[in-house]
Amino acid sequence: MISKRELLDLTNISYGQLYRWKREMLIPEDWFIKQSVPSGQETFFPKDKILARINQIIDLKDKYSLEELSQILNPEINNRIFLLREIVSIEGIDLGILNDYLQGETTAKFTDIVLIFLFSRIKKQITIPNECLVEAMRQLKKAVNEKNLNLSEYVMDFIRQGEDYRFMVHKPDSIIDLNLSIEKTYVFESIINEIKEKGMN
Amino acid sequence: MEEFESIKASGANVHSGKQYKDVKVAGATKFTNDFECSTFKSSGAFKSEGSIKAVLFKAAGATKILGSLEAPEISVSGGMNIGKDLVTEVAKFSGSLEVGGKCSAKELHISGAIDVEGELLVDTLELELSGNSTLKEVYGDEITITKDFGFGFGSSKRATVELMEATKISLEYTTCKKVSGDVVHIGEGCNIDTVEYTKSLEVHKKAKVKNQVKID
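Which chain is which? The protein sequence lines are A and B, in order.
Take 1 as the starting number for the first sequence in the working numbering and just add one per residue.
Take 1001 as the starting number for the second sequence in the working numbering and just add one per residue.
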């Protein structure tokens, strides 16, 4: 724990900044812990969490709008915006896939991360020309974003017919032509759980 | 986005909807549910039994909201009573404001009197006292409390605050247990138990400060 006075000294921020960030919900209210001290009442904070958070805010506040910043810091994973350096640090992300997916963007939503992670895995597991993979990935990105799909309800089949490759995204109970030879099925829900287990909270 | 209906009413009227576009009411008006709208304008006696969310909230007269009020822009004159929380960006009140819960604002300008039961979190608070005000804990960047120049008995115009913390604080006619700030001015008529400051402190000769603590 760290007292408010120590925090202000250590981080060199003013009362006004601290309270503005609290008001803007960049610092959670329950991190302000009031305790009785001989001179009355003093506010304390969980030390590691608050120091990390203030450094993050100082680091990012000029680069992002308040709304974006709140989404970056918001622990609600589906509303969060992830920074490039956070995405790169996820184990299993292929940098080539990441670049082809983001095409210069520097942030991504959680659903984007799910797709990047999935295609990184496909690249590793399935032999398929890279341009086919990237093309399929871009189409899927577009469709998911346009339709605002809740990916966790879907599965994706990889179908190979001779030299032809197909990806099919559908709900698990869809009826599919049995003549299609499905080489592999990816279940989005387990992909999502896997990413969450890697500590993306 | 779906288009909601607007209300324009006067006289004695009661509404029970939950979504409106623009609301403009005059006379004695009652809303029985929580509702959201784009702009809200009321004059006369207004009562909401639930909470209100609006983009712009304007009221004159006697305004009573049993729930919370959330509106980025607020302008009120007369008496306003909010049962729960007040959340706003820029708000101007003239008259009296009572808040039963917490209050959070970027800029809060009040001329009159204010009572807040919970915490008051502001970037800027400008309070011009023309009546007694009671606040519990005030946190912010700049807090200014002054007394207006109206006629009458000065002794009845006083702010009583338990705790105040801000970057810049300037007070008149305020009673407070503890004031903490970087730059603090304690003006005429103040009665403060402890002032903690980091940069500077000025105390008016007609003010009482029991303990002054400079923090390095």
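Backbone N, C-alpha and C fix where the C-beta goes; we use that ideal spot for every residue, glycine too.
- Under the 8 Å criterion on CB atoms, Arg5 of chain A is classed as interfacial with respect to chain B.
- At a cut-off of 3 residues, the continuous stretches assigned as beta strand (DSSP E) that sit fully inside the stretch 1132-1196 of chain B are 1133-1147, 1159-1171 and 1174-1186.
- With contacts defined by Cβ atoms closer than 8 Å, Tyr1139 of chain B and Arg1158 of chain B do not form a contacting pair.
- Collapsing the DSSP output to three states places Tyr165 of chain A in a strand.
- Proximity of Lys1199 of chain B to chain A, defined by a Cβ-Cβ separation below 8 Å, is not satisfied.
- By alpha-carbon distance to Ser1043 of chain B, the top candidate from B:Glu1202, B:Gly1067, B:Glu1049 and B:Gly1011 is B:Gly1011.
- Contact annotation: Ala1062 of chain B and Cys1037 of chain B have beta-carbon atoms that are not nearer than 8 Å.
- Under the three-state reduction of DSSP, Glu1202 of chain B is assigned to strand.
- In the three-state scheme derived from DSSP, where H, G and I count as helix and E and B as strand, Ile33 of chain A is classed as strand.
- Separation of the CB atoms of Glu1098 of chain B and Glu1073 of chain B is rounded to 20 Å, and the pair is thereby denied contact status at 8 Å.
- B:Thr1039 is the residue among B:Asp1216, B:Ser1068, B:Lys1030 and B:Thr1039 whose C-alpha sits nearest the C-alpha of Lys1021 of chain B.
- Pairing Ile81 of chain A with Val155 of chain A, the inter-Cα distance amounts to about 24 Å.
- In this structure, the straight-line span from the alpha carbon of Ile54 of chain A to that of Trp31 of chain A is close to 12 Å.
- Interface criterion met: the Cβ of Ser14 of chain A is under 8 Å from a Cβ in chain B.
- Judged by their CB atoms, Val1023 of chain B and Lys1041 of chain B are nearer to each other than the 8 Å cut-off.
- In this structure the stretch 136-153 of chain A touches the stretch 109-120 of chain A; the number of beta carbon pairs closer than 8 Å is three or more.
- Counted as a single uninterrupted DSSP element, the stretch harbouring Tyr64 of chain A is not any alpha helix (DSSP H), since DSSP gives it neither H nor E.
- For the pair of segments examined, the stretch 73-92 of chain A was found to touch the stretch 103-111 of chain A: the number of CB pairs separated by less than 8 Å reaches three.
- In the DSSP assignment, Asp173 of chain A falls outside any beta strand (DSSP E), carrying neither H nor E.
- When secondary structure is reduced to three states using DSSP, Gly104 of chain A falls in the coil class, being assigned neither helix nor strand.
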